[in-house]
């Protein structure tokens, strides 16, 4: 059985965020999913990206590529109706920063950034206005975060990657360097959600907080880790950003 993760419009049409589906190849799992969730879901799948165990599978590989343990179906980033509606005021302006040496060097395609965007635009009233990929370089990460926080450009910055224990994992340090105030309760919520699935979540060193009027939030680098962490706190992000906007910069 393959654990199929659904995002944005795919989740709305399926009526669930995940499902266990049998199949050896990606094509077999997609056929089963389309039969299970209906013709509109099948039509959407034609434009979706498929990620198996955090590796992008190209369409021409579907018939031969293994479905793996975990398969994510990522629709084009275009929002959805499954929003959290508790936030007040205008929709959030979101920036997404992927931190990865290999993605920055174009050794592989950034998959986590688009997955984070899909969750942000489908689960909260948000528009992604800035995005970038950067190497695991502490000074460069801090520079971009500082630049994005200036001039009232964004309400929420979501980073992904560089939160573990490897020597090159410096995103938490780079983030702390620019924060005015930390918000440890946000990361406690994310870590608790991760621990429901794997004890390895305890190794994540995510940081959250505020700089000026902007909320900053570190997410793990894997598609599943990042999306599950974000899902765990979507219901409070609107209020957090509203509070940040209401104070003095």
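Residue numbers (the UniProt record's numbering): 1 to 249.
Cβ atoms here follow ideal geometry from the backbone N, Cα and C, with glycine treated the same way.
Remember, it's a predicted structure, so these values are computed and weren't measured experimentally.
Using 8 Å as the threshold, is the stretch 177 to 190 in touch with the stretch 208 to 218, meaning 3 or more CB pairs across them? The stretch 177 to 190 is in contact with the stretch 208 to 218.
At what residues does the alpha helix (DSSP H) containing residue 157 begin and finish? Under the DSSP assignment, residue 157 falls outside any alpha helix (DSSP H), being part of the beta strand (DSSP E) whose first and last residues are 156 to 160.
Counting only runs that start and end within the stretch 88 to 149, where is the alpha helix (DSSP H) found for 4 or more residues in a row? Here the runs fully enclosed are 101 to 104, 112 to 123, 138 to 149.
Can you tell me where the beta strand (DSSP E) with residue 208 in it begins and where it stops? Per DSSP, residue 208 belongs to the beta strand (DSSP E) from 208 to 211.
Residue burial classification, residue 150 (beta-carbon count within 10 angstroms, cutoff 16): The residue in question, residue 150, is exposed, as its Cβ has fewer than 16 Cβ neighbours within 10 Å.
Measure the C-alpha to C-alpha separation of residue 227 and residue 6 and round it to an integer number of angstroms. Their backbone Cα atoms lie some 10 Å apart in a straight line.
Spell out the partners DSSP gives residue 182 in its beta bridges. Bridge partners of residue 182: 209.
What three-state label does DSSP hand residue 83 in the structure shown? In this prediction, residue 83 has a pLDDT of 37, which is less than 50 and means its spatial position is unreliable; what the coordinates show is noted afterwards. Here residue 83 sits in coil by DSSP.
C-alpha distance - residue 3 paired with residue 246, whole-angstrom precision: If you draw a straight line from the Cα of residue 3 to the Cα of residue 246, it is about 42 Å long.
Endpoints, alpha helix (DSSP H) assigned at residue 240: Unbroken alpha helix (DSSP H) run through residue 240: 223 to 246.
What residue from 68, 25, 73, 51 has the CA that sits closest to residue 41's CA? Closest option to residue 41, Cα to Cα, is 73.
Distance, residue 185 Cα to residue 219 Cα: Pairing residue 219 with residue 185, the inter-Cα distance amounts to about 14 Å.
When the Cα of residue 94 is compared with those of 159, 17, 167, which residue comes out closest? That would be 159, whose Cα lies nearest to the Cα of residue 94.
Between the beta-carbon of residue 126 and the beta-carbon of residue 92, is there less than 9 Å? In this structure, the beta-carbon distance from residue 126 to residue 92 falls below 9 Å.
Using only alpha-carbon positions, find the residue among 49, 62, 28, 161 that is nearest to residue 101. Checked all of 49, 62, 28, 161; the closest Cα to residue 101 is 161.
Entirely enclosed alpha helix (DSSP H) segments - the stretch 18 to 85, minimum 4 residues: Counting only runs that start and end inside the stretch 18 to 85, the alpha helix (DSSP H) elements of at least 4 residues fall at 26 to 37, 39 to 45.
Around the C-beta of residue 25, are 16 or more other C-beta atoms found within 10 angstroms, so that it is buried, or is it exposed? Counting the other Cβ atoms within 10 Å of the Cβ of residue 25 gives 16 or more, which makes it buried.
Grab the span of the beta strand (DSSP E) containing residue 5 for me, first residue to last. 2 to 6 is the extent of the beta strand (DSSP E) around residue 5.
Please report the distance separating the alpha-carbon of residue 193 from that of residue 232. Residue 193 and residue 232 have their C-alpha atoms some 6 Å from each other.
Mark residue 204 as exposed unless 16 or more other C-beta atoms lie within 10 angstroms of its C-beta, in which case mark it buried. Classification of residue 204: buried, given that the 10 Å Cβ count is 16 or more.
Tell me whether residue 214 sits in a helix, a strand or coil according to DSSP, three-state version. Strand, per DSSP.
Roughly how many angstroms separate the alpha carbons of residue 57 and residue 107, rounded to a whole number? Their Cα atoms are separated by approximately 15 Å.
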